[in-house]
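Down below is the structure, laid out as structure tokens.
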Amino acid sequence: MSAVFSEAGRAEFERLLTRYPDRKAVILPALHLAQKEFGYVSDEAIVYIAGLVGTSPAEIEGVATFYTMYNRKPVGKYHVQICRNISCSLLGAEHLIEHVSEKLGVRPGETTPDGKFTLSTVECLGSCGTAPVMQVNDEYHENLTVESIDRILDPLP
Amino acid sequence: MEKVLTTHFANERYRRLDTYRRYGGYEALKKAFAMTPEEIIDEVKKANLRGRGGAGFPAGVKWGFLPKDLSRPRVLVINADEGEPGTFKDRLIMSRGPHLLLEGIAISCFALRAHACWIYIRGEFAREAGIVDEAIAEAYAAGFLGKNILESGFDLDVTVHRGAGAYICGEETSLINSLEGKRGWPRLKPPFPASVGAFGLPTIVNNVETIADIPWIVTHGGETFAGLGVEKNGGTRLIGVSGAVNRPGVYELSAGVNLKEIIYHHAGGIRDGKALKAVIPGGSSTPVLRPDEIDVSYDIESMGKIGTMAGSGGVIVIPEGTCMVRSLSVLMNFYAHESCGQCTPCREGTGWLKKIVGRIEAGKGRQGDVELILDLCDNMMGRTICPLADAAVMPAQSFIWKFREEFDRHIGEQKCPYGNRF
Chain X
44 MSAVFSEAGR AEFERLLTRY PDRKAVILPA LHLAQKEFGY VSDEAIVYIA GLVGTSPAEI
104 EGVATFYTMY NRKPVGKYHV QICRNISCSL LGAEHLIEHV SEKLGVRPGE TTPDGKFTLS
164 TVECLGSCGT APVMQVNDEY HENLTVESID RILDPLP
Chain Y
223 MEKVLTTHFA NERYRRLDTY RRYGGYEALK KAFAMTPEEI IDEVKKANLR GRGGAGFPAG
283 VKWGFLPKDL SRPRVLVINA DEGEPGTFKD RLIMSRGPHL LLEGIAISCF ALRAHACWIY
343 IRGEFAREAG IVDEAIAEAY AAGFLGKNIL ESGFDLDVTV HRGAGAYICG EETSLINSLE
403 GKRGWPRLKP PFPASVGAFG LPTIVNNVET IADIPWIVTH GGETFAGLGV EKNGGTRLIG
463 VSGAVNRPGV YELSAGVNLK EIIYHHAGGI RDGKALKAVI PGGSSTPVLR PDEIDVSYDI
523 ESMGKIGTMA GSGGVIVIPE GTCMVRSLSV LMNFYAHESC GQCTPCREGT GWLKKIVGRI
583 EAGKGRQGDV ELILDLCDNM MGRTICPLAD AAVMPAQSFI WKFREEFDRH IGEQKCPYGN
643 RF
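Residue numbers (the numbering used here), protein chains in the order written: chain X, 44 to 200; chain Y, 223 to 644.
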């Protein structure tokens with residue numbers, strides 16, 4: 044699979060270059076852009092970004108694998124990420140993780156066979172006052188209960 | 223009580239420039255342009271503004287570390303990588319009052335003679351990054367950012383830079399590396415960022431809340447701001463209360479508010495009428511307190527005197543019936559996950575802490591495990607480039623010192639007395 048930014052993505056990449064005094068500073072935003080356009084950060088995307096930035100694929104891969112948000116493998120259409128840190132745990136996050144795991148039939152780190160959901164546990168999402176919290180793709184869902192999780196996940200197309 | 227930041231946060235439209243200006247927004251910037259940079263820095267020093275990111279360093283003093291010569295351009299970097307468990311205040315500022323931050327940035331950059339600023343926002347805060355980006359676009363269009371701001375001759379570019387999921391990037395030299403497109407490995411100091419920081423330039427890194435306080439300080443004067451707090455701790459603080467309280471949330475209170483009052487008055491006391499078991503007072507890295515220790519002023523010095531920290535203002539409330547070993551296990555998993563791997567004592571140490579606390583909780587603890595944890599802690603504390611190792615050690619030691627009997631009971635009974643549940 045080849046990886047090339049769309050016209051809009053390429054324009055965004057060029058705009059990013061104007062915001063920093065050093066070309067390599069666009070590596071993180073470019074990886075975000077790649078994930079948005081390709082769904083995950085593929086090997087081809089790494090090579091492509093390395094070419095655009097003017098550095099080695101090894102350097103890009105080193106960066107991409109350091110940060111948890113870059114998915115080096117495809118994830119489901121909906122990436123369900125439930126916080127397991129202390130404030131969420133105190134208010135029942137473990138129970139919610141078990142519930143979603145049973146509901147989707149996958150363990151944390153796995154994707155449903157139809158490719159619809161990936162379940163992950165994550166560390167603090169910075170929303171402790173509205174715990175328990177999960178993120179589905181980019182969107183936060185707060186003050187979760189078993190019932191509200193069902194209401195959020197069930198209607199997803 | 224007088225509020226510095228949150229007065230209009232209930233108004234959804236306050237994030238828009240027109241509403242912000244209706245409430246006096248960007249008037250402080252106009253006032254600042256009539257002052258000299260030195261006069262502004264002097265007000266910030268008088269304000270006793272302490273950094274709100276966790277370390278509590280006096281902001282005016284930090285600003286003074288920039289080299290005197292102006293031959294190299296200097297830059298401001300905003301730390302919006304809010305990741306300390308229990309902390310969720312900067313998210314509130316960015317989503318409810320992004321122009322407070324931008325006006326603070328414009329004034330601060332004028333005072334620091336910086337013409338570029340990057341706002342490093344943790345990657346998960348996609349929504350907040352979008353809100354800040356919209357506010358930046360509004361500010362550019364209205365002439366509050368960009369070239370020749372308000373005909374002052376002062377130019378400033380501000381850019382949002384999104385992180386990608388790494389707690390360590392809240393450490394300022396790690397954040398700088400991440401801004402430069404590298405892995406978020408902390409740097410050895412010296413050189414300090416004020417002399418060699420982002421892109422090799424003299425750099426000041428400040429927390430979102432610290433900078434959002436600046437417009438109020440310029441408007442009302444440093445001494446007035448100082449008067450809102452207590453000695454050496456000026457102003458208000460945004461204090462996030464989470465865990466088992468009736469009204470979790472962010473409260474803007476005097477920097478010298480009493481911790482017990484935060485929990486029982488402002489946050490409405492403990493949930494379900496339970497008793498209090500423990501409080502982690504300033505984010506997950508700060509040493510835990512027992513209920514008999516919380517009648518204390520939340521200022522940095524008073525908290526230091528009782529062996530803990532106000533840190534990033536995140537109060538985590540643990541109710542009776544909670545297993546402290548399990549709670550510590552959650553925290554140790556976190557630090558092991560977030561260690562960047564650069565320094566051996568931290569990379570190995572956080573892994574071992576996770577493993578040993580985990581096996582005690584699982585009912586497989588061995589005699590001597592508690593001593594082993596404490597020994598590991600001694601070999602981690604202060605022996606690494608950045609304070610992440612210390613941040614793991616402080617909860618580990620304090621949980622054991624203050625709740626030792628629970629650890630011993632887990633090992634003695636070879637099970638979790640709380641049934642391995644929260």
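Note that the Cβ used here is the ideal one computed from N, Cα and C, for glycine as well. Note that the structure is predicted; figures quoted are calculated from it, not measured.
- Chain-ordered chain Y contacts of V47(X) [CB-CB under 9 angstroms]: Under the 9 angstroms cutoff, chain Y gives no residues; its nearest Cβ is about 21 angstroms from V47(X).
- Using a beta-carbon distance below 9 angstroms, is T161(X) in contact with chain Y? no
- Taking K311(Y) as the reference, give the member of G275(Y), I502(Y), S330(Y), L498(Y) with the closest Cα. G275(Y)
- Message: Rounded to the nearest angstrom, what separates I516(Y) and L481(Y) at their Cα positions?
- Response: 6 angstroms
- Query: Would P412(Y) pass as a contact of L610(Y) if the rule is Cβ separation under 9 angstroms?
  - Reply: no
- Message: DSSP three-state label for K576(Y), please.
- Response: helix
- First and last residue of the uninterrupted beta strand (DSSP E) at E474(Y): 471-476
- Item | Terminal residues of the beta strand (DSSP E) in which G465(Y) lies | 458-465
- What three-state label does DSSP hand T228(Y) in the structure shown? coil
- Item | Strand pairing of F160(X), partner residues [DSSP] | Y121(X)
- Task: Using the Cα positions of N202(X) and G368(Y), report the straight-line distance between them to the nearest angstrom.
- Result: Given a span of 44 to 200 for chain X in the structure shown, any question on residue 202(X) remains unanswerable.
- Message: Measuring only the C-alpha atoms, how far is V463(Y) from E474(Y)?
- Response: 11 angstroms
- Quick check: the stretch 236-251 of chain Y against the stretch 577-584 of chain Y, are there 3 or more CB pairs under 8 angstroms? no
- Message: If I follow the unbroken beta strand (DSSP E) through A613(Y), where does it start and stop?
- Response: Element bounds for A613(Y): not the beta strand (DSSP E) but the alpha helix (DSSP H), 610-635.
- Task: Give the DSSP-derived three-state secondary structure of L423(Y) in the structure shown.
- Result: coil
- Would you kindly work out how many angstroms separate the C-alpha atoms of L378(Y) and A256(Y), rounded to a whole number? 17 angstroms
- Query: For the candidate residues P156(X), Y63(X), N114(X), P64(X), whose alpha-carbon lies nearest to that of E80(X)?
  - Reply: N114(X)
- Task: Output, in chain order, the set of chain Y residues within a Cβ distance shorter than 8 angstroms of T111(X).
- Result: A386, G387, A388
- Query: Shorter than 9 angstroms from the beta carbon of T544(Y) to some beta carbon of chain X?
  - Reply: yes
- Nearest to V123(X) (by Cα), restricted to the options T61(X), T161(X), V106(X): T161(X)
- CB contact below 9 angstroms: A101(X) versus chain Y: no
- Query: Between the stretch 84-96 of chain X and the stretch 446-458 of chain Y, do at least 3 Cβ pairs fall closer than 8 angstroms?
  - Reply: no
- Check whether the Cβ atoms of S506(Y) and G536(Y) sit closer than 9 angstroms, and answer yes or no. yes
- Item | Nearest candidate by alpha-carbon position, reference G457(Y), set N233(Y), P280(Y), E346(Y) | P280(Y)
- Message: Using CA atoms only, rank isn't needed, just tell me which of A136(X), E57(X), P64(X), P156(X) is closest to F422(Y).
- Response: The residue asked about is misnamed: residue 422(Y) is Gly in this sequence, not Phe. If we check each option's Cα against that of G422(Y), P64(X) comes out closest.
- Message: Between which residues of its own chain and S561(Y) is the CB-CB distance below 7 angstroms, once the five residues before and five after are set aside?
- Response: C568, R569, T572, L610
- Message: Going by beta-carbon coordinates alone, are K624(Y) and L498(Y) separated by less than 9 angstroms?
- Response: no
- Taking Cβ-Cβ distances shorter than 8 angstroms, what residues in chain A pair up with H559(Y)? This model lacks chain A altogether; the protein chains it does include are X and Y.
- Message: Considering only the alpha carbon of each residue, which of Y362(Y), L314(Y), S330(Y) lies closest to E260(Y)?
- Response: S330(Y)
- Secondary structure at P513(Y), three-state DSSP: helix, strand or coil? helix
- Count the other C-beta atoms from every protein chain shown that fall within 10 angstroms of the C-beta of F644(Y), then say buried if there are 16 or more, exposed otherwise. buried
- Message: Taking the beta strand (DSSP E) that V563(Y) belongs to, which residues open and close that run?
- Response: Position check: residue 563(Y) holds Gly in this sequence, whereas Val was assumed. Taken as a continuous stretch (DSSP letters only), G563(Y) belongs to no beta strand (DSSP E), as it is neither H nor E.
- Task: Quick one: list the residues of chain X neighbouring K404(Y), beta-carbon separation under 7 angstroms, in chain order.
- Result: V106
- Message: Would I70(X) pass as an interface residue toward chain Y - the criterion being a Cβ-Cβ separation below 9 angstroms?
- Response: yes
- Could you say which of H337(Y), S620(Y), R272(Y) lies nearest to A500(Y) if we only look at CA atoms? S620(Y)
- Reduced DSSP secondary structure (H/G/I, E/B, other) of Y342(Y): strand
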